[in-house]
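*Asks:* Next up is a structure, given as structure tokens.
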Amino acid sequence: MAVVPWSQVRTLESTIGKEQRLHPHSRGIFSDLMRRIGVASKVVVANVKRAALLNRSIGMAGPRTSEPLQMHLVANDIMKSALVWMPSVAGLVSRDENGVVQLPEKLRAADQYIVFYASIDGRSNLDANGSVATIFSIYRCISGYSTAMREDFLQAPYKQAAAGYILYGSSTMFVLTTGHGVHGFTLDPEIGEYVLSHENILIPDKVKCFSANTMHTPRWDEPSRAFGALLSLGKEPRYAKTTSRYIGSLVADFHRNLLYGGVFMYPTNQATGEDKLRLKFECGPLAMIIEQAGGLATTGRERILDIRPTDMHQTVPLVTGPRREIELYEKMVRDHDVASGKRRPSLPPPAAE
Ligand code: F6P
């Protein structure tokens, strides 16, 4: 592999600067926000990597000391203290807290943003040294008030100005989209910089991996079961080499499928009527990333990006992957709904004059 001379190495910092120059009137406020998330993630990863040494209860295994420090709460505090004072942050919502984070009295920037974050997603994997991630999603403040209003927080995910995740795996990777493609930056621990390692990520048009908690299959609806069987039984030539891969850490599963080509699904539990993944913290940001990478994300009946939230912690079903498979899944759901009388067949397009 050719070694890139230092003068040509691109970092998260230089890419943010480059994107800023695409907007001649930019005041750099958005870029500052991105930089701050990058710095906060380095503090999170430093803690995640040392957690076991510090005898912290790092995931779900429960307290080990009289004052247990759960890693997701540590990470939540790191993210919060990095963002709460920023003049551009008009609203901050953490998956680990009810309601919105109380912001201090502070200067207000000319451009105001709403930030959603899940500080440690997939934390049940932490005690077993598995990969976890921070996910973030950024919206513009649309209400025009100095304090963010309900309408700012309940914007549909297609309004996201940016979305990304930082995956704490065998290496630490910052994956970002601002609506101009998806780029991946790997943290070089020697220099402490995120270096552009995956420029313009596009999901391959193949299904190398199928990722779902298949123990739940009996509780999926019929089209989801049929779709899962289609992919996993491998009778179709396109799925002959598809293999099952599921960590149970959303970003780790998603990221692998994004790079290798694969489908992730977490359908509704029909026994309880419940969904697991949250629209604003998990499904929305990943949907923006996958669409920017050429794939799709759906509930089966609605594009994830189009869902108008009624609640900030709302959960939804998620099926995401290459465009071809997601369109196929939506068709299977549509056909099932029509056959069971839940939906009227769509009318054929009008005949040409
Ligand atoms: O939402 C939290 C989460 O840990 C995701 O990261 C992951 O995809 C999912 O839950 C795993 O759920 P389950 O254990 O039900 O398969």
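Note that this note's numbering numbers the sequence shown so that position 247 is 249, with each residue one more than the last.
Quick reminder that beta carbons are idealized off the backbone N, C-alpha and C, glycines included.
Just so we're clear, the structure is a prediction, and the values are computed from it rather than from any experiment.
Taking Cβ positions only, does Gly236 come closer than 7 angstroms to chain C?
*Replies:* Any reference to chain C falls outside this structure, which holds one protein chain only.
*Asks:* For Ile306, which residues does DSSP report across the bridge?
*Replies:* As a position in the sequence shown, residue 306 is number 304, starting the count at 1. Partner(s): none; Ile306 has no beta bridge.
*Asks:* Residues in its own chain within less than 6 angstroms of Pro206 by CB, not counting five upstream and five downstream?
*Replies:* Numbered from 1 along the sequence shown, position 204 holds the residue referred to as residue 206. Gly263, listed in sequence order.
*Asks:* Taking the beta strand (DSSP E) that Asp190 belongs to, which residues open and close that run?
*Replies:* Here residue 190 refers to the residue found at position 188 of the sequence shown. DSSP places Asp190 inside the beta strand (DSSP E), whose first and last residues are Val184 to Asp190.
*Asks:* What's the gap between the Cα of Ala289 and the Cα of Leu307?
*Replies:* Within the sequence shown, numbered from 1, the residue matching residue 289 stands at position 287. Within the sequence shown, numbered from 1, the residue matching residue 307 stands at position 305. If I take the Cα positions, the gap works out to 6 angstroms.
*Asks:* Quick one: what does DSSP say Tyr331 is sitting in, helix, strand or coil?
*Replies:* Mapped onto the sequence shown, residue 331 falls at position 329. In this structure, Tyr331 counts as helix in the three-state DSSP scheme.
*Asks:* Quickly, what does DSSP pair Ile116 with across the bridge? List them, please.
*Replies:* Within the sequence shown, numbered from 1, the residue matching residue 116 stands at position 114. Beta-bridge pairing links Ile116 to Gly93 and Tyr141.
*Asks:* Using 8 angstroms as the Cβ pair cut-off and three pairs as the minimum, do the region 209–217 and the region 253–269 touch?
*Replies:* yes
*Asks:* Does the distance from the CB of Ala165 to the CB of Pro347 come in under 7 angstroms?
*Replies:* For this step, residue 165 is matched to residue 163 along the sequence shown. For this step, residue 347 is matched to residue 345 along the sequence shown. It is not a contact, given that the beta carbons lie outside the stated cut-off.
*Asks:* If you draw a straight line from the alpha carbon of Arg258 to that of Leu169, how long is it in whole angstroms?
*Replies:* Residue mapping note: residue 258 aligns to position 256 of the sequence shown, counting from 1. Residue mapping note: residue 169 aligns to position 167 of the sequence shown, counting from 1. One C-alpha to the other measures close to 11 angstroms.
*Asks:* Return the first residue and the last residue of the alpha helix (DSSP H) that Phe266 is part of.
*Replies:* As a first step, residue 266 is located in the sequence shown; it is residue number 264 there, counting from the start. It is not in any alpha helix (DSSP H) - Phe266 instead sits in the beta strand (DSSP E) that spans Gly264 to Tyr268.
*Asks:* Between the Cα of Ala112 and the Cα atoms of Ser83, Ser148, Val103 and Ser121, which residue gives the shortest distance?
*Replies:* Taking the sequence shown and counting its residues from 1, the one referred to as residue 112 is at position 110. Out of Ser83, Ser148, Val103 and Ser121, Ser148 has the C-alpha closest to the C-alpha of Ala112.
*Asks:* Report the rounded CA-to-CA distance for Phe118 versus Asp129, giving the unit in angstroms.
*Replies:* Here residue 118 is taken as the residue at index 116 of the sequence shown, counted from 1. Here residue 129 is taken as the residue at index 127 of the sequence shown, counted from 1. Straight-line Cα distance between these residues: approximately 25 angstroms.
*Asks:* Taking DSSP as the reference, what is the three-state secondary structure of Asp98?
*Replies:* Here residue 98 refers to the residue found at position 96 of the sequence shown. DSSP places Asp98 in coil when its eight states are reduced to three.
*Asks:* Going by the C-beta, is Leu169 closer than 6 angstroms to any heavy atom of the ligand MN?
*Replies:* This structure simply doesn't include the ligand MN; it includes the ligand F6P instead.
*Asks:* Please state if the CB of Ala242 and the CB of Gly250 are separated by a distance shorter than 7 angstroms.
*Replies:* For the purposes of this step, residue 250 is taken as the residue at position 248 of the sequence shown. For the purposes of this step, residue 242 is taken as the residue at position 240 of the sequence shown. Gly250 is not a Cβ neighbour of Ala242, given a cutoff of 7 angstroms.
*Asks:* Closest to Ser173 by CA distance: which of Tyr160, Gly183, Ala163 and Phe187 is it?
*Replies:* Walking along the sequence shown from the start, residue 173 turns up at place 171. Its Cα nearest to that of Ser173, the residue Phe187 stands out among Tyr160, Gly183, Ala163 and Phe187.
*Asks:* Would Leu85 be called buried (16 or more neighbouring beta carbons within 10 Å of its own) or exposed?
*Replies:* Here residue 85 refers to the residue found at position 83 when the sequence shown is read from its first residue. Leu85 should be labelled buried.
*Asks:* Report the residue from Tyr167, Val134, Ile122 and Pro89 whose alpha carbon sits nearest the alpha carbon of Ala150.
*Replies:* The residue labelled residue 150 in the question sits at position 148 within the sequence shown. For the residues Tyr167, Val134, Ile122 and Pro89, the minimum Cα distance to Ala150 belongs to Pro89.
*Asks:* Would the C-beta of Gly236 count as close to the ligand F6P, meaning under 6 angstroms from any of its heavy atoms?
*Replies:* In the sequence shown, counting from the first residue as 1, residue 236 sits at position 234. Every heavy atom of the ligand F6P is 6 angstroms or more from the Cβ of Gly236, so no.
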